[in-house]
Each structure stands twice: as C-alpha cells, then as structure tokens.
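Read through the structure below, which is laid out as structure tokens, and then see the notes.
Numbering (the UniProt record's numbering), first residue to last: 1 to 709.
As structure tokens, this is what we get:
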C-alpha cells in the first residue's frame, strides 16, 4: 500500500503559495519587483539565521541537485577567468576535478558531468576510511594525496562535495579538516545531508556545526518539515554578483523570485518554535528507537553519534559466544570458503525480509531497507526524512520495537534450522535440495521425479505437474508454515519454497511428509498414465471372451434353436436353462472377472481394497488440536496418562487423614467436600464390583419361575 502524505494546515499554506504566485505574477512590473524582492530577502534572512549561516545568499530550486550544479558553474567562472570568452578551450588546457565521496548518493557525479558537459574523468571518487574511524567518512589523508597527484598532472582541483549525513548510514564527514584542506588547495567546499537540519536545534554536535563554515550547503526543507511542493534551498557565500548571475544562482526576472513564496508562507505559519519543534521531535524519535535497540539481542546498530544521531541503522546479526565461536570457526575451516561468504548473503536476505515486514506492519514508522558497502543490507530509520510527512509518533516507535521483538525469534529459529533442513533433504532419496541464498525462509526443495522417458520436454512437464500438486497438498495441511512457488522473478522453477519457521518445528516430520506426499502424487500420476493402456487391453480381452462365450452358447443350444420359428416352438416345449455369463473389469487389480457372483448374490462386489495412501509416520502421532510439523510435548502426554490415577490416590490420602466426626458434630465445607468425593469414588467402586461379580442368569431357574406350579 502506498503511503499518503499527512497534509496538515502547514501543507495547505505551501500549496496556497503556488496559487498566490500565479496571481502575483500578473501585477504591474514595479509592484511585482518590490514584492518579490521583499519575499526573497525575508526568506533568505530567516533561513540564514535559523541554520546559523551568516552573510549567505540563497538559491531556490525544484531539483535538489540543481543547486550543486549551479555552484559548480559558479566555481568554474571563478577559477577560469577566460571561461566566458573561450569556453571549453580553457577547460581543455587545464582539466577541472570535482571530488565526491564514495558514500554519496548514487549517480550524483555522473549527473553533474552530464549537465556541465565534462568527461567522467573530471569526477574523482574519494574512498571512505577502511582501517581507522568510521567506514562511512571520507578518508582525508587519501584525499590530500589524490589532490596532490592531480596537481602534479596539471589538473585543477575545483570542488569537494562532503556529507553531513550520508544517504545510507547518516554519517558526517570530518568537515573541519576538509575545510582546512580546501583552503590549502583553494577549493570550494559544498555540504549536503540530512544532519544539516540539526543546526536549528539548541545543541549541535561539533562535527555538524563545522558545516556553517563551508562555502555552500543544500537544505531540503520539504521533507524535514513535511511541506509539500516547496523548493530546496542552496545557501552560499560569494562576493561577485555578476558571476552569480552568470552561473544562474540569481535572476533578473521577478517571476523567478516567486519560487520562494510557498516557503515564505510556510515559515511564517510555523514560526521559529514550530520549525525547531518538528526537528527536535524527529531527533527524539531516533533516540527512543536507539535506546530500545540496545536492549535487544541479535540486533547490531550502526550509529555515528549515539547522543544526537538523527539516523538509526540496524540489522539482524547472530553473534556467537566464545564456545560457539570456536566450534563455528572450526566448522568453517573444515568446510570451504564459499560457506563463509554465503553467511553474508543469508544475512542480507534475512534483513531485507525484516525491513519489508517492519515497513508493512508499522507503515507510520517510515523504515526502509538500505544497502551499505561494508555492513550489507540494513534497516534504516530516518525520521527527519519521513516523520513530518507520515506523522510518526512515540507510540509508532514502541509498536515498531514490539514487532521487532516478535520477528527476532523467527529469524533465529529459521537460521538455526536451515542447516538441519538441508541435511534432512539431502539424506532423502526422492528429494533434491536447491540452494537459493536470496530466499528468506527455511529453504527450497524439489521432488526429484525419475523417469525412463527420453523426451526432456515431457519429463519437464511431468516434473512441473508433480511439484505443483505437491505445493497444493502441502498448503492444504493445517500448519503455520507458508509454502509457495518462490519469488516472481529470479526464482528456481518447479520447486517448493518454505518460508520462515519457529523453534518448535519438527524438521524430520516436515521432510518425511514432503517425500511421502510426493511419492503419493507420483504413484497416482503413473496410475493414471497406465490406466488408458490397461483399460484398452481389458476391453479387447473382454470382447474376445464374450465372442468365445457366444460361440459356446451356440454349440450348447444346437442348430434348431437358431431357426426363427422352429427355435421359438422348441424353446416353448423344452426351455433351455443357461446361466448368463458376463465380464467385469477390476480397475484396482487391472484384470477381468466373471459376473456369475453378481447374479448369484444380486449385488456388485467391491473387489479388493486399494493400497493405503503413504503418509508420514510422525504425522500420525499428532495430538488432538496440534498443528502439523510441531514437536509434541511428551511431558504433557505423561501427565494426561497418570492424572486420573494420581487424583484417586490423593482422594484416598485425604480419606485416611480425615478425622472421625461424632454423629452430632457438624461438618465444615472442607470436610463436606471430602466426604462427597469419597462417596463418588465409593459408588464407582461398588458399581464396578457388582458388574464384575454378576454371573449370567440361569435358564433353568427362569423356566421354573415362568411355569405354573
């Protein structure tokens, strides 16, 4: 189901701004110029004060990448003085270089090169730290070495794009050191990211506060504040208005300045306190979730700053204890390296399923699935991007944690039983285990159909028919498991996919039931295949036997009885007694039988009973009300068998311990209850004794009593 935006009154103010902009655009030129200048200056001043960006200018744009694109053009005009006259010839003599973090959003560098008309060689991706520090922060030492190498090759370092909150994990680069490096090489520093929203709060971490010293930053207020159809804003500092005009950051057209009108109305409606409260609420949601995740087992978090991180990234990961880790390492060394790498793929699949389940169960939380380079697949909660739109509250976070607690036992049980399921299937002759690391569940199995048919197409159709019928039979069982044909795209054909399971699953019973059901379907299929040939041969044999019986009947009756008139007269004087002889075809035995027994008993015989359907022996031991593939509790069985005996023993003990009461002494409630139980037990015992000692009545005595004396 699609998520609808929570459009409140502030959203209607933003939408109203677009309508007002259309009305204002028809004013006379002088009034329009004054009004648009006032709107633009007020909005820019409010944003610079709100996000602590002094002496800045603002550019309002619909596409959040457009601001960075105009900044790149501004820097090109600034660093290449003859660019306005000579154009690309200046860039050819000294190639510009734009540096982007490898953790930046996908496709950003290619989009900039396409819009600027630059080759992809002008884009340099800076790796993140791999040995020290965060794995999502830009490697400053490596960046310094890359810049020096480019300078030696005659290139011009132009601009650096840093992150205050990476798109994946929400980590912030070391903006202070990056600013020093940019000043050293005369580069432009541009910052973007969701953590820039925390600049409006009273307490700001030092890593994010360093963004106020950068040359430009891009703010996406629409998602942070839940404002629909408001433009993004790029704040920048530059002293030459002519170059800003040449780069497209400013416009002489008054209508272009009306882009800020929806944002101007929304900011006035919310006010300073309303804006800060929305951003603070999103940060509190992150802290609430992070505190709950710390108390959960098998959950690993990836958070940069636990005190003020607006983005929480977590994943399901089963850590081993010291003993388990030693055995697991020994097992991994005896197996092969692919098994070790397969664990990462399995965890990615399970976390993908976990994220989708949480998003479906708690849609107001706004959680999604993200792919990180080192951690793999994780679940991300970024309330600054979703909470204002979806209306996320503290109750939604508590509900999210409760759902997560319900899913963790299912994940651990399925992960532990996958190996046992694989071993059981491989030990079963008629089943084939299919390894599919992208399936979030117990595993994939296929009933292996053996046929002497050399036609591959026919054998493939028969295999598909058997496994489809097997899936139908399994879904008809009363169990908590989910059986399916697998994913719509990329799955194996003619297989049965088994979903998530719980810890009380009996894997051996499940595998045995699958094998027995498959054999039953295969036997029925072969019976149907042979039925046509058997019936055809039976009909031919019956025709031959009936023809032979007619010939014998003619010999017995004689030739005279076959003449029309003479035969009738002869049959009238001397009737011919002949038992009717027919044939019946037994489908179960596949043979012809005589119908004489039918004429004698005047009833059709049922023939031999068909063989019993092969079923699982473990399934027959199921308790009443117990679902399939569940491990039975033997302790409860023992209790049910001995409960009646122990109850009678307790009554006897109570009877022995009860004091003797005098005839005139009144009995209390407890004594009366014990006496009643004693009477019931005694009555049952007397009844059993009477029935056991009673002998059959004497017939002679009954006759004597019946006859008159």
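Backbone N, C-alpha and C define an ideal beta-carbon position, used for all residues, glycine too. It should be emphasised that the depicted structure is a prediction, and the values quoted were computed from it without experimental measurement.
Helix, strand or coil, according to DSSP, for residue i in the structure here?
{"i": "residue 17", "result": "helix"}
{"i": "residue 51", "result": "coil"}
{"i": "residue 313", "result": "strand"}
{"i": "residue 286", "result": "helix"}
{"i": "residue 627", "result": "coil"}
{"i": "residue 496", "result": "strand"}
{"i": "residue 711", "result": "This structure cannot settle anything about residue 711, because the visible part of the chain is limited to 1 through 709."}
{"i": "residue 301", "result": "strand"}
{"i": "residue 275", "result": "helix"}
{"i": "residue 595", "result": "coil"}
{"i": "residue 362", "result": "coil"}
{"i": "residue 639", "result": "With a pLDDT of only 36 at residue 639, under 50, the local geometry of the prediction cannot be trusted, and the value read off the model is given with reservation. It is helical."}
{"i": "residue 551", "result": "helix"}
{"i": "residue 34", "result": "helix"}
{"i": "residue 357", "result": "helix"}
{"i": "residue 618", "result": "For residue 618, the predicted model reports a pLDDT of 43, less than 50, meaning its position is unreliable; a value from the coordinates is still stated below. Reduced to three states, the DSSP call for residue 618 is coil."}
{"i": "residue 318", "result": "coil"}
{"i": "residue 250", "result": "coil"}
{"i": "residue 67", "result": "helix"}
{"i": "residue 56", "result": "coil"}
{"i": "residue 524", "result": "helix"}
{"i": "residue 558", "result": "coil"}
{"i": "residue 344", "result": "helix"}
{"i": "residue 41", "result": "helix"}
{"i": "residue 295", "result": "coil"}
{"i": "residue 367", "result": "coil"}
{"i": "residue 396", "result": "helix"}
{"i": "residue 225", "result": "helix"}
{"i": "residue 27", "result": "coil"}
Which residues does DSSP pair with residue i in a beta bridge?
{"i": "residue 61", "result": "232"}
{"i": "residue 406", "result": "Partner(s): none; residue 406 has no beta bridge."}
{"i": "residue 376", "result": "372"}
{"i": "residue 217", "result": "191 and 235"}
{"i": "residue 574", "result": "Answer by DSSP bridge pairing: none, since residue 574 is not bridged."}
{"i": "residue 584", "result": "593"}
Since residue i and residue j should fall inside the 8 Å C-beta cutoff, what is the C-beta to C-beta distance between them, to a whole number of angstroms?
{"i": "residue 21", "j": "residue 43", "result": "With a Cβ gap of about 13 Å, residue 21 and residue 43 do not count as contacting."}
{"i": "residue 224", "j": "residue 388", "result": "7 Å"}
{"i": "residue 50", "j": "residue 281", "result": "Contact flag wrong, Cβ pair sits at about 16 Å."}
{"i": "residue 138", "j": "residue 98", "result": "Between residue 98 and residue 138 the Cβ distance is about 14 Å, and since that is not below 8 Å, they are no contact."}
{"i": "residue 497", "j": "residue 441", "result": "6 Å"}
{"i": "residue 381", "j": "residue 289", "result": "6 Å"}
{"i": "residue 346", "j": "residue 404", "result": "Rounded, the Cβ-Cβ distance is 19 Å, inconsistent with contact."}
{"i": "residue 238", "j": "residue 74", "result": "6 Å"}
{"i": "residue 100", "j": "residue 108", "result": "6 Å"}
{"i": "residue 361", "j": "residue 229", "result": "Between residue 229 and residue 361 the Cβ distance is about 30 Å, and since that is not below 8 Å, they are no contact."}
{"i": "residue 193", "j": "residue 176", "result": "Going by Cβ atoms, the distance from residue 193 to residue 176 rounds to 15 Å, so no, they are not a contact pair."}
{"i": "residue 218", "j": "residue 197", "result": "The Cβ separation is near 12 Å, so there is no contact."}
{"i": "residue 392", "j": "residue 257", "result": "The pair is not a contact, with the Cβ atoms about 34 Å apart (cut-off 8 Å)."}
{"i": "residue 250", "j": "residue 207", "result": "With a Cβ gap of about 31 Å, residue 250 and residue 207 do not count as contacting."}
How is the alpha helix (DSSP H) around residue i delimited, first residue to last?
{"i": "residue 385", "result": "383-390"}
{"i": "residue 243", "result": "241-247"}
{"i": "residue 256", "result": "254-257"}
Would you give the residue range spanned by the beta strand (DSSP E) that residue i belongs to?
{"i": "residue 502", "result": "Note, residue 502: premise wrong, no beta strand (DSSP E); not H, not E."}
Item to complete: At 4 residues or longer, and completely inside the segment 132-212: list those alpha helix (DSSP H) runs for me, N to C.
Response: Runs found: 140-152, 175-185 and 206-209.
Worksheet item: Counting only runs that start and end within the segment 413-492, where is the beta strand (DSSP E) found for 3 or more residues in a row?
Response: Taking only runs of at least 3 residues, the beta strand (DSSP E) segments lying wholly in the segment 413-492 are 431-434 and 443-447.
Worksheet item: Which ranges does the alpha helix (DSSP H) cover as unbroken runs of at least 4 residues, wholly within the segment 77-141, from first to last along the chain?
Response: Runs of the alpha helix (DSSP H) inside the segment 77-141: 83-86, 88-93 and 108-116.
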